[in-house]
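**Student:** Right, I'll just put the structure down here and ask away after.
Numbering (our numbering), first residue to last: 384 to 847.
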């Protein structure tokens, strides 16, 4: 029996050697799993990166099965979804796995981005990792928007109509771009076919490629940790980090705990509450698209609502506030800044130009600009953050206060975006919009003031 096992072992080694001579399987395994070192103090927040990859796989697999029965035709699309739900064996399960998975994708991605902010994962040397992640976020939003139209429900139809029409405000190219996106002068069968091609073929390929680049960039510079310090600064006699563990099996097994918790929540929603009270699936989308019947309240799905609130908050009143605020800031900067006279004159000139631009612009145009800028701000984070430390554990209190206000504003914007606007809610959205952008605009200032705590030489870790 021992000889038989020994022969099997030799055969396996010979086979792997044959493979390695033709493909770097063992090298890839060692570099990215068995010998990829990560900090041993990874905590709860480090589950969401691997969970994002898991949800991406779920979406790709369920999407393949849905595509087998879905009809990208304006006359048949809604009926084909009903056919999947009612007649295809376990079609309802696949559809709910996909629709719930879309929302869960954004849940884990938002939490993954939040972890990056609080632990400084956007800081040197991981700027490119962060930037690729932001591109993934934009691609994911495009993928979700394209997929939102495919059920051809009434809310899908009118939601797409509202969002696509926003491109009209772009000077010169807006109407042409809008017509190209729709493929027609109105939302029609041509639009559905284009969105189907983007959602099923183009954007998944882009997402997979971006995730690959994200992982390659991450593994080149190494993973961050809750203390924000470099584990390779403390090596043992073998040149291995004292505070590190191999990604496989240590981190993989740890991630499996997060996977189990995720599936409990995910499958619980799928089986018991797939629409989540209209948050994941709106009631108006259970009726077929009707160009003659506008839903009472046209709102996007929850993961777009913070940015949709920023869009709606842009009114003439807000622009007047921005105009006179620009003048006030310019005057204060010119009066109190300890700079040469030419810079003070520059402050006043910039303030005057800003006043003129705001006072002579439309609220709709600035709404689109602000909505786009709200996403672009995340791309600038590596250069806006001037703190001498990375992790929130050691940052000064101004950063913690600013981040708390930003989170509150973000959640309020999300809530307001799911509800019909009123004068009071519009004012709340405008205040939260100002807080949202103030977090990024003032970041170079509040990250450079206050007393920070000294970073430890080694990671803090309590063995369980």
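For every residue, glycine included, the Cβ atom is placed at its ideal position computed from N, Cα and C.
Short of 7 Å in beta carbon distance, which residues of its chain neighbour residue 834, apart from the five on each side in sequence? Order them along the chain.
**Tutor:** Taking the first residue of the chain shown as 1, we reach residue 834 at position 451. Apart from sequence neighbours up to five positions away, the residues of its chain that approach residue 834 with a beta-carbon distance below 7 Å are 779, ordered along the chain.
**Student:** Using DSSP's beta-bridge definition, name the partner residues of residue 618.
**Tutor:** On the chain shown, position 235 is the one that residue 618 refers to. Answer is 624, bridged to residue 618.
**Student:** Within the segment 704-748, note down every full alpha helix (DSSP H) run reaching 4 residues or more, in order along the chain.
**Tutor:** 724-742
**Student:** Drop a sphere of 10 angstroms on the beta-carbon of residue 773, count the other beta-carbons inside from all chains shown, and report buried for 16 or more, exposed for fewer.
**Tutor:** Along the chain shown, one-based indexing puts residue 773 at 390. Buried, since its Cβ has 16 or more Cβ neighbours within 10 Å.
**Student:** Could you check whether residue 793 and residue 777 sit closer than 8 Å to each other, using their CB atoms as the reference points?
**Tutor:** On the chain shown, residue 777 is found 394 positions in, with the first residue counted as 1. On the chain shown, residue 793 is found 410 positions in, with the first residue counted as 1. No, Cβ-Cβ distance for residue 777 and residue 793 is not below 8 Å.
**Student:** What does a CB cutoff of less than 8 Å around residue 700 pick up in its chain, not counting 5 residues either side in sequence?
**Tutor:** Residue mapping note: residue 700 aligns to position 317 of the chain shown, counting from 1. Take residue 700, set aside five residues on each side of it, and the residues of its chain with a beta-carbon closer than 8 Å to its own are 813, in chain order.
**Student:** Between residue 541 and residue 681, is the Cβ-Cβ spacing less than 8 Å?
**Tutor:** If you number the chain shown from 1, residue 541 lands on position 158. If you number the chain shown from 1, residue 681 lands on position 298. Against a cut-off of 8 Å, the Cβ pair of residue 681 and residue 541 comes out as a contact.
**Student:** Looking at residue 434 and residue 512, is the spacing between their C-beta atoms short of 8 Å?
**Tutor:** Taking the chain shown and counting its residues from 1, the one referred to as residue 512 is at position 129. Taking the chain shown and counting its residues from 1, the one referred to as residue 434 is at position 51. Against a cut-off of 8 Å, the Cβ pair of residue 434 and residue 512 comes out as no contact.
**Student:** If contacts are defined as beta-carbon pairs under 8 Å, then residue 438 and residue 487 qualify, I think. What distance do you get, rounded to the angstrom?
**Tutor:** As a working note, residue 438 is residue 55 in the chain shown. As a working note, residue 487 is residue 104 in the chain shown. That pair is a contact at about 6 Å.
**Student:** How many Å lie between residue 458 and residue 592 at the Cα?
**Tutor:** The sequence position of residue 458 within the chain shown is 75, counting from 1. The sequence position of residue 592 within the chain shown is 209, counting from 1. If you take the alpha carbons of residue 458 and residue 592, they lie about 34 Å apart.
**Student:** Identify whether residue 629 lies in helix, strand or coil by the three-state DSSP scheme.
**Tutor:** Along the chain shown, one-based indexing puts residue 629 at 246. Residue 629 falls in the strand class under three-state DSSP.
**Student:** Can you check DSSP and say which residues form a bridge with residue 671?
**Tutor:** By 1-based counting over the chain shown, the position of residue 671 is 288. Note: residue 671 sits in a beta bridge opposite 536.
**Student:** Please report the distance separating the alpha-carbon of residue 528 from that of residue 543.
**Tutor:** By 1-based counting over the chain shown, the position of residue 528 is 145. By 1-based counting over the chain shown, the position of residue 543 is 160. Their Cα atoms are separated by approximately 8 Å.
**Student:** Which residue or residues does DSSP assign as beta-bridge partners of residue 422?
**Tutor:** Sequence index remark: in the chain shown, residue 422 carries index 39 (1-based). According to DSSP, which records beta bridges pairwise, residue 422 is partnered with 627.
**Student:** How long is the line joining the alpha carbons of residue 712 and residue 611, rounded to whole angstroms?
**Tutor:** One-based indexing of the chain shown puts residue 712 at position 329. One-based indexing of the chain shown puts residue 611 at position 228. Roughly 35 Å separates the two Cα atoms.
**Student:** Using beta-carbon positions only, say whether residue 618 and residue 692 come within less than 8 Å of one another.
**Tutor:** Mapped onto the chain shown, residue 618 falls at position 235. Mapped onto the chain shown, residue 692 falls at position 309. No, the Cβ-Cβ distance between residue 618 and residue 692 is not below 8 Å.
**Student:** Just checking, does the segment 780-788 make contact with the segment 723-743 on the three C-beta pairs under 8 Å criterion?
**Tutor:** no
**Student:** What runs of the alpha helix (DSSP H), each 4 residues or longer, lie entirely inside the segment 389-477?
**Tutor:** Counting whole runs of 4 or more residues, the segment 389-477 contains the alpha helix (DSSP H) stretches 408-412, 431-450 and 460-469.
**Student:** So residue 622 and residue 614 are supposed to be a Cβ contact under 8 Å. How far apart are they, rounded?
**Tutor:** The residue labelled residue 622 in the question sits at position 239 within the chain shown. The residue labelled residue 614 in the question sits at position 231 within the chain shown. Actually they do not touch by this definition, with Cβ atoms about 13 Å apart.
**Student:** Looking at the structure shown, is residue 554 part of a helix, part of a strand, or coil, going by DSSP?
**Tutor:** For the purposes of this step, residue 554 is taken as the residue at position 171 of the chain shown. Looking at residue 554 - three-state DSSP - the assignment turns out to be coil, as it is neither helix nor strand.
**Student:** Using a Cβ-Cβ cutoff of less than 6 Å, which residues in the same chain neighbour residue 384 once the five nearest sequence positions on both sides are dropped?
**Tutor:** As a position in the chain shown, residue 384 is number 1, starting the count at 1. With a pLDDT of 49 at residue 384, under the threshold of 50, the modelled position of that residue is not reliable, and the figure given next carries that caveat. Closer than 6 Å at the Cβ level, and outside the excluded window around residue 384, lies no residue.
**Student:** Answer yes if the segment 595-610 comes into contact with the segment 404-420, meaning at least three C-beta pairs across the two stretches below 8 Å, and no otherwise.
**Tutor:** yes
**Student:** Quick one: measure Cβ to Cβ for residue 590 and residue 485, integer angstroms, because I've assumed they're closer than 8 Å.
**Tutor:** Mapped onto the chain shown, residue 590 falls at position 207. Mapped onto the chain shown, residue 485 falls at position 102. Incorrect: roughly 13 Å between the Cβ atoms, too far for contact.
**Student:** How about residue 551 and residue 558: are their beta carbons less than 8 Å apart?
**Tutor:** On the chain shown, residue 551 is found 168 positions in, with the first residue counted as 1. On the chain shown, residue 558 is found 175 positions in, with the first residue counted as 1. In contact: residue 551 and residue 558 (Cβ atoms closer than 8 Å).
**Student:** Could you please give the first and the last residue of the uninterrupted alpha helix (DSSP H) stretch that includes residue 692?
**Tutor:** In the chain shown, residue 692 corresponds to position 309, counting from 1. Per DSSP, residue 692 belongs to the alpha helix (DSSP H) from 688-696.
**Student:** Please go through the segment 787-814 and give each complete beta strand (DSSP E) segment of 3 or more residues, from N-terminal end onward.
**Tutor:** none
**Student:** Which class does residue 509 belong to by DSSP, given the choice of helix, strand or coil?
**Tutor:** Locating residue 509 in the chain shown gives position 126, where the first residue counts as 1. In the structure shown, residue 509 sits in coil (DSSP, three-state: anything other than H, G, I, E or B).
**Student:** Which value, in whole angstroms, describes the spacing of the CA atoms of residue 489 and residue 716?
**Tutor:** Mapped onto the chain shown, residue 489 falls at position 106. Mapped onto the chain shown, residue 716 falls at position 333. Looking at the two C-alpha atoms, the distance is approximately 40 Å.
**Student:** In three-state terms, what does DSSP make of residue 780?
**Tutor:** The count along the chain shown starts at 1 and reaches residue 780 at position 397. Correct three-state label for residue 780: helix.
**Student:** Are residue 494 and residue 578 closer than 8 Å when you measure CB to CB?
**Tutor:** For the purposes of this step, residue 494 is taken as residue 111 along the chain shown, with counting starting at 1. For the purposes of this step, residue 578 is taken as residue 195 along the chain shown, with counting starting at 1. Cβ distance not < 8 Å, so residue 494 and residue 578 don't count as in contact.
**Student:** With distances taken from CA atoms, which of 464, 463, 448 and 504 is nearest residue 766?
**Tutor:** Position 383 of the chain shown holds residue 766. The shortest Cα separation from residue 766 among 464, 463, 448 and 504 belongs to 504.
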